[in-house]
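Step one of this worksheet: look at the structure below.
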Amino acid sequence: MGNYKESISWVIGGPQGSGVDSAANIFIKSVAMAGLHIFGKREYYSNIKGEHSYFTVRISNEPIRSHIDEIDILVTFDAETVVRHSPYLVNNGVLIYDPEIKGKKIEDIHTLDFSSKKKIKKILEESNKNYDLDGILNDLKERNINLIELPYLDLIKDFSEKSNDHTLSKLARITNVMSLAASLAIFNFDTKKMEGGIRSIFLNKPKIADINIDAANYSYNYIQSKYPDIPKKFIKNFEYGITNNNNIILAQGSQSSPLGKIVAGCRFQTYYPITPASDDSEYLESHLIIKQTNNDSNGSIVVIQTEDEISAISMAIGASLTGVRSCTATSGPGFSLMAEALGWAGMNEVPLIISLYQRTGPSTGLPTRQEQGDLLFAINAGHGEFPRIVYSSGDIEESFYDTVKVFNYSEIFQVPVIHVLDKFIANSIMTCRIFDYKKIKIERGKFLEKYNMTNSNLNSTLNTDSNREHFKRFDLEEGAISTRVPLGTENAIFWNTGDEHDEYGHITEDPEIRKKMVEKRMSKLKMITEQIPKEDQIKIEFEDKFKTNIEHTFIILSWGSTKGAILDLLERLSTEFKNIKFMYIQIKLLHPFPSDLLENTINKTTKKEMEDSFKVNSNSKTTIISIEMNYLAQLDVLLKQNTKINTDFNILKYNGRPISFSELYKSFLNIINDNNNIGKRVILESGV
Amino acid sequence: MEYKLSDYKTEVHNDWCPGCGDFGILNSIQMSLSDLKIPPHDVALFSGIGCSGKTPHFIHTYGIHTLHGRVLPFAQGAKLSNPNLKIIAVGGDGDGLGIGSGHFVNAGRRNVNMTYIIYNNGVYGLTKGQAAPTLKLGMKTKSLPQPNMNDSINPISLAIISGFTFIARGYSYDIKHLKDIIKKGILHNGLSYIDVLQPCPTYNDINTKEWYQSYEIDKEDSSKKIPKIYKLDEENYNGFVSDENEIPHKISLAIEKSREWEKRIPIGIFYQNDKAITYEERIENRIENYLSNPPAKQIINDKEGYTIANIDNLLDKLKTV
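Each protein sequence line maps, in turn, to chains R and Y.
Numbering of the first sequence is given in the working numbering, commencing with residue 1178 and proceeding in unit increments.
Numbering of the second sequence is given in the working numbering, commencing with residue 74 and proceeding in unit increments.
Rendered as structure tokens:
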């Protein structure tokens, strides 16, 4: 398989706390500063120090949205990384390792998991090698993999003597920059660009930047002089500089949604620490002063760390009642605790955003790994019936714009919105188009900051013994959405209660009012699917429009962060299979479900092809495939529940590792080639 | 505009039991607001669940009847988003010290400028009299099938060690005194806790009005009656912190005093420290214009509806040029 685009797949790994992250960040920044597209993702254990963590990065001239299983260049800080990842090195790939690992026994690596041991054992048995690190290195040599020794300690010593700075030997951190410079040397990366990347990482520490640059150049030259032939094998036609413009940014998923919150006017966020959601709140807390246009004074966001997630959602609701756009960010276990208060917000028609960063469940699950297992729970969390919106984003760029949209929906419809993101998005980084935020409109629905006594909604039909006129927070004459004012507004005192309430917000058990209030609230669901723009409900992200003689149409349905791998996949399949039409529909509004819209979109596609007979082969057939990261095929459950759409295949994955381009590609080849062994459920399982 | 006491009352039918101690608390809150001349719309009264939870519906201010145990987080969220609001939180002892005890302790750590009143009657009234956190170990009210198996919480002590900066106790049938305490609590700059002894006439047949209002005959002087309930300031108790060095001593004093029960029960102010930094002041140290431009008052869009946030500097950091 190898590379799918003109790209390099680079992986760096080592024990958690050894600097894998910083090395990857410098590498990514250097490459991005050199003007290439990049996609990276971070994998780590629920552990502070010692367990294996790694960063996967792809570099290309073209935008990249996914990772692949194969590795061109593997940079290792320890023996474990070699054991775990070297099986994925492509022939002619490069392994950078510390010669210290030679002679090590695999049994002595206590953090190695069962599946990695099993895999390496099989490889070594098949190639008749010893079950140890020497055996692995011998096997790699036979596979024509370039073995590059980087004796970190010796190099540091040598470097510190040459630069006459003996304190440097203490700076073990310098190994990070040495390891990445070594890998950049392999593909003749421009050293000036490398220096720029390092300098931008240590922007406020010029002295440290200088030391790191010297160390990087030292390591770069060491590799180029010691292994002069390797770079020739890795010459890529990289167009350095193609992303060096004002329209491209290098963004992480834990930055995009909080940036969207700042733009959306969210000025209050609560959280209780939880992976992978905390980064969202920490970003906001690090940028709590907000610059404003046409305004001399600054805005600000108050971020509060609460005692638990129950408090987090309750505080966010309390804040929302005062008129601020408020939000709480959490992950599955925390969201479970929020279920009761979510219902209170639904009952009292309080706008509220929950950023739900999914991770592997149930219970604590795999706390730092990827899954899309919370879809049905997000839709059903809480007792009783109340309207809510469940909305999901497919990638980093999209999550920025969606964040603004969900704040608008929440206020327009006066409902809580669960904005579903996940660990994969949060811990990925990519070059994408700059967020074009200045044209974004804020829509607050029926929200008034001041209330005039003469407004029509004052009357006393339900309150006949009263000589005082009251504001009706839940005025039934206004329809599903009533006028909303913040606490503290003159002339508009109202009440809220978790009990069923009358138009003023007072407790009632009157059967007639109960029926009307249920209908008022629940009628919002229909209103939501009618009023949210269609392209914001479902999005045709890919469609072959100009193919003729189509023998087979594949319609792919997905939600959330599987989008990147699907798009990269279809770009390739579409050129490989001239007589197959591919169409990909991303479902963004998951509740209320856009049933009619989705059915019509699919029917239109299939029907239109029938009509354009010249385009379609007479035996043409259609296959519908859903792709998601859970066991139950939760999107398919929604399709069955809400539509007449029958999927032919469910591509699923639930081993905690995000779907790679490579495995998705293989699974599609099997489906397209009509491999008889394939059942309806196609389970993916790659990942370390 | 002048506000009368009646401006703080609603026409909502009150369905508390006849003789319920809650009425005294309700009246005291209304009278406090009226005495302090706080415009009704500037007040937001938050409550938990239970009989006490219905209080907001009887008071003509913004009234938010929240979830069981969660009244403090809801109330703090509102206050921190709009510090101009006068926030009062109310709830029962089961609500605040049982299901909500985690929030009680953590609210103390923050010291948000608001007032929390617990209607303390030792039973879960609305669910028919189960034992609540302040009921003493071994007590068997008529509603309990067996004596209480849990030891009781001392809410005054818990408030002190949690960091509340105004801690007082009132008695629901001494409205004048209770009103006075509530007014002081509202005026206190910081988180005030007011524990109100509130007999539940239906389910708690031990800590009744008669029990609270009983007295003993002085052994030395049989003409002297010693009432069970007494006022701290009448017996030379002073819980006011006038100097920061006094804090440890005043805390010990208050904890010691809060242990008095059964024979004699003190009411009044156990502890007050108005020098502790409030949460609002802590935010102000991070955000200079927090109090003049709090979250709830910030303008977020221009007349055409476009965002006024400018994130150019944040995006510049992400650029690759």
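All residues carry an ideal CB built from backbone N, CA and C; glycine is no exception.
Everything numeric in this text was worked out from a predicted model, so none of it was measured.
Original post:
Which same chain residues, not among the five before or five after residue 1298 of chain R, have their C-beta less than 7 Å away from its C-beta?
Top reply: 1308
Subject >> Separation of residue 1529 of chain R from residue 1699 of chain R, as counted between CA atoms >> reply: 17 Å
**OP:** Could you list which residues in chain Y have their beta carbon closer than 7 Å to that of residue 1614 of chain R, in chain order?
**Re:** 380, 384
Subject >> Contacting residues, own chain, Cβ-Cβ under 8 Å from residue 371 of chain Y (five flanking each side not counted) >> reply: none
Original post:
Residues bridged to residue 1250 of chain R by DSSP?
Top reply: R/1187, R/1271
Subject >> Residues of the region 360-381 of chain Y whose Cβ lies closer than 9 Å to any Cβ of chain R, in chain order >> reply: 360, 361, 362, 363, 365, 366, 367, 368, 369, 370, 371, 372, 373, 374, 375, 377, 378, 379, 380, 381
Subject >> Test: residue 1500 of chain R CB closer than 8 Å to a CB of chain Y >> reply: yes
**OP:** Report the residue from R/1493, R/1545, R/1811, R/1255 whose alpha carbon sits nearest the alpha carbon of residue 1282 of chain R.
**Re:** R/1255
**OP:** To the nearest angstrom, report how far apart residue 1131 of chain R and residue 1280 of chain R are at their CA atoms.
**Re:** With chain R covering only 1178 through 1865, there is no way to say anything about residue 1131 of chain R.
Subject >> Candidates Y/192, Y/187, Y/136: closest to residue 97 of chain Y by CA position >> reply: Y/192
Original post:
Between the region 313-332 of chain Y and the region 243-250 of chain Y, do three or more beta carbon pairs fall short of 8 Å?
Top reply: no
**OP:** Identify whether residue 1642 of chain R lies in helix, strand or coil by the three-state DSSP scheme.
**Re:** Here residue 1642 of chain R scores only 43 on pLDDT, less than 50, and its place in the model is too uncertain to base an answer on.
Original post:
From what residue to what residue does the alpha helix (DSSP H) around residue 217 of chain Y run?
Top reply: Residue 217 of chain Y -> no alpha helix (DSSP H), and no H or E assigned at all.
**OP:** With a threshold of 16 other CB atoms inside 10 Å of the CB of residue 1760 of chain R, please say whether the residue is buried or exposed.
**Re:** buried
Original post:
Going by DSSP, what residues sit across from residue 138 of chain Y in a beta bridge?
Top reply: R/1674, Y/120
Original post:
Should residue 1466 of chain R go down as buried or exposed, given a rule of 16 or more other Cβ atoms within 10 Å for buried?
Top reply: exposed
**OP:** Taking only the alpha-carbon atoms, compute the straight-line gap between residue 1443 of chain R and residue 358 of chain Y and give it to the nearest angstrom.
**Re:** 21 Å
**OP:** Find out if the Cβ-Cβ distance for the pair residue 381 of chain Y, residue 1469 of chain R is shorter than 8 Å.
**Re:** yes
Original post:
Unbroken alpha helix (DSSP H) runs of length 4 or more, entirely within the region 162-219 of chain Y: which are they?
Top reply: 174-183
Subject >> chain R within 8 Å of residue 148 of chain Y, Cβ atoms only >> reply: yes
Original post:
So, helix, strand or coil for residue 1350 of chain R, using DSSP?
Top reply: coil
**OP:** Name, in chain order, the residues that DSSP records as bridge partners for residue 1233 of chain R.
**Re:** R/1188, R/1218
Original post:
Which two residues bound the contiguous beta strand (DSSP E) that contains residue 339 of chain Y?
Top reply: 338-345
Original post:
How big is the Cα-Cα spacing for residue 1868 of chain R and residue 1272 of chain R?
Top reply: Outside the modelled stretch of chain R, which goes from 1178 to 1865, sits residue 1868 of chain R, for which no answer is possible.
**OP:** Rounded to whole angstroms, what's the CA-CA distance from residue 1628 of chain R to residue 1669 of chain R? Just pull it up for me.
**Re:** 6 Å
**OP:** Could you tell me the boundaries of the beta strand (DSSP E) in which residue 1720 of chain R lies?
**Re:** 1715-1720
**OP:** Buried or exposed for residue 1641 of chain R, please, with buried defined as at least 16 other CB atoms from any protein chain shown within 10 angstroms of its CB.
**Re:** Low local confidence applies: a pLDDT of 42 at residue 1641 of chain R is under 50, so the model's placement there is unreliable, and no value is given.
**OP:** Taking only heavy atoms of the ligand NAP into account, decide whether any of them is closer than 7 Å to the Cβ of residue 141 of chain Y.
**Re:** Of ligands this structure carries none, so the ligand NAP is not represented either.
**OP:** Only counting runs of 3 or more residues, tell me where the beta strand (DSSP E) segments fall wholly within the region 1568-1606 of chain R, in order along the chain.
**Re:** 1593-1599
**OP:** Return helix, strand or coil for residue 106 of chain Y, following the three-state DSSP convention.
**Re:** helix
Original post:
Are there three or more Cβ pairs, one per stretch, closer than 8 Å when the region 1201-1214 of chain R is compared with the region 1237-1248 of chain R?
Top reply: yes
Original post:
Along chain Y, in chain order, which residues have C-beta atoms closer than 9 Å to that of residue 1183 of chain R?
Top reply: Near residue 1183 of chain R there are no residues of chain Y at all, since even the closest Cβ is about 19 Å away, more than 9 Å.
**OP:** Would you check if there are 3 or more beta carbon pairs closer than 8 Å linking the region 291-303 of chain Y to the region 336-354 of chain Y?
**Re:** yes
**OP:** Please determine, among R/1840, R/1569, R/1661, the residue with the shortest C-alpha to C-alpha distance to residue 1621 of chain R.
**Re:** R/1661
**OP:** Using a Cβ cut-off of 8 Å (strictly closer), state whether residue 113 of chain Y contacts chain R.
**Re:** yes
Subject >> Proximity test, Cβ basis, 8 Å: residue 355 of chain Y and chain R >> reply: no
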